[in-house]
Amino acid sequence: MDMLTTGVLSFAAGVIVGAGLLFWLLPARRQAGQLIRDRDEARQALEHYRSQVDDHFLHTAELVNDMTQAYRTVHEHLSKGAQALCSEGGRKRAAAKSLDSAPNRDNSDPINPPLDYAPSAQGTLAEDFGLRRKPEGPFEPVDVDNPTPDAIVEPPRDYAEGMDDNNEDSPRKDK
Numbered sequence: 001m002d003m004l005t006t007g008v009l010s011f012a013a014g015v016i017v018g019a020g021l022l023f024w025l026l027p028a029r030r031q032a033g034q035l036i037r038d039r040d041e042a043r044q045a046l047e048h049y050r051s052q053v054d055d056h057f058l059h060t061a062e063l064v065n066d067m068t069q070a071y072r073t074v075h076e077h078l079s080k081g082a083q084a085l086c087s088e089g090g091r092k093r094a095a096a097k098s099l100d101s102a103p104n105r106d107n108s109d110p111i112n113p114p115l116d117y118a119p120s121a122q123g124t125l126a127e128d129f130g131l132r133r134k135p136e137g138p139f140e141p142v143d144v145d146n147p148t149p150d151a152i153v154e155p156p157r158d159y160a161e162g163m164d165d166n167n168e169d170s171p172r173k174d175k
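Quick note on full-length UniProt numbering: the sequence shown kicks off at 1 and runs consecutively.
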C-alpha cells in the first residue's frame, strides 16, 4: 500500500504542477493569439487603404478625362459659333488669338534640328565655347595651357624625405 500511496501522490503532484505550468504559460498563448489577430487586422486595413487610394486615382483620372472632353466640346462650340456668327474680320482676329492657330507650313520646307556647329566650319563646337571660366571658390582657375609663374605653386616639402632608418638627417635633434 505504501507503493500505491506514493504513486497516487506522485500522480496528483504531477497534475497540480502541470496545471500550474499550463496556467502560467496560457497568458503567453493568449498574447501570441492577440498579436496574430492584430497583425491580420493591420493587413486588412492596409489592403483597404490601398484599394481606396487606387479607387481615388482612377476616379480622378476619369474626372480629368471628362474635363478635357468638356473643354474640347466648349472650344468646338465656340469655334463653330465664331464661324457662323462673326464677320470675316472678326474671324481673322479670333484666329490670330486662338491657341490652335499655329503657322501653316507647307511640307515643302523641311524642318531641321538646331545645329551645334557653324555651317561653314567642320566639326562640333567645344562645350565651353564662348563661356568664361568662373572661379569655383576663393581661388581663380588656372589655365593649364598657359600657366603664369605665380599660378604654379610648389607642394610643401615633406620633412620626412631623405631620412634613413637611423634618423641621421633628422631635422629634430633630441639626442
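Glycine included, every Cβ here is placed at the ideal spot set by N, Cα and C.
Remember, it's a predicted structure, so these values are computed and weren't measured experimentally.
Next on the checklist: Assuming A82 and R72 are in contact, meaning their beta carbons sit under 8 Å apart, how far apart are those beta carbons, in whole angstroms?
Outcome noted: Here residue 82 is taken as the residue at index 82 of the sequence shown, counted from 1. Here residue 72 is taken as the residue at index 72 of the sequence shown, counted from 1. At roughly 16 Å, the Cβ-Cβ gap does not stay under 8 Å, so A82 and R72 are not in contact.
Next on the checklist: Can you look up N112 in the DSSP assignment and give me helix, strand or coil?
Outcome noted: On the sequence shown, position 112 is the one that residue 112 refers to. Assigned with DSSP and collapsed to three states, N112 falls in coil, not helix or strand.
Checklist entry - Just how far apart, CA to CA, sit P113 and A45? => result The count along the sequence shown starts at 1 and reaches residue 113 at position 113. The count along the sequence shown starts at 1 and reaches residue 45 at position 45. Roughly 54 Å between the two C-alpha positions.
Checklist entry - Between G89 and the ligand FAD, is the CB less than 7 Å from at least one heavy atom? => result For the structure depicted, the ligand FAD is absent and the ligand set is empty, with no information on it obtainable.
Checklist entry - R29 to I36, Cα distance in whole Å? => result As a first step, residue 29 is located in the sequence shown; it is residue number 29 there, counting from the start. As a first step, residue 36 is located in the sequence shown; it is residue number 36 there, counting from the start. Cα to Cα, R29 sits roughly 11 Å from I36.
Next on the checklist: Rounded to whole angstroms, what is the Cα-Cα separation between L78 and E41?
Outcome noted: Working through the sequence shown from its first residue, we reach residue 78 at position 78. Working through the sequence shown from its first residue, we reach residue 41 at position 41. Each residue's Cα considered, the two are about 55 Å apart.
Checklist entry - Run through DSSP, which three-state label would S87 get? => result Here residue 87 refers to the residue found at position 87 when the sequence shown is read from its first residue. DSSP places S87 in coil when its eight states are reduced to three.
Checklist entry - Expressed to the nearest angstrom, what Euclidean distance is found between the alpha-carbon atoms of S10 and G18? => result What you label residue 10 is simply residue 10 of the sequence shown in a count that begins at 1. What you label residue 18 is simply residue 18 of the sequence shown in a count that begins at 1. Rounded to whole angstroms, the separation of the alpha carbons of G18 and S10 is 12 Å.
Item to check | Rounded C-alpha distance that separates S51 from D66 | outcome: Residue mapping note: residue 51 aligns to position 51 of the sequence shown, counting from 1. Residue mapping note: residue 66 aligns to position 66 of the sequence shown, counting from 1. Computed Cα separation, rounded: 22 Å.
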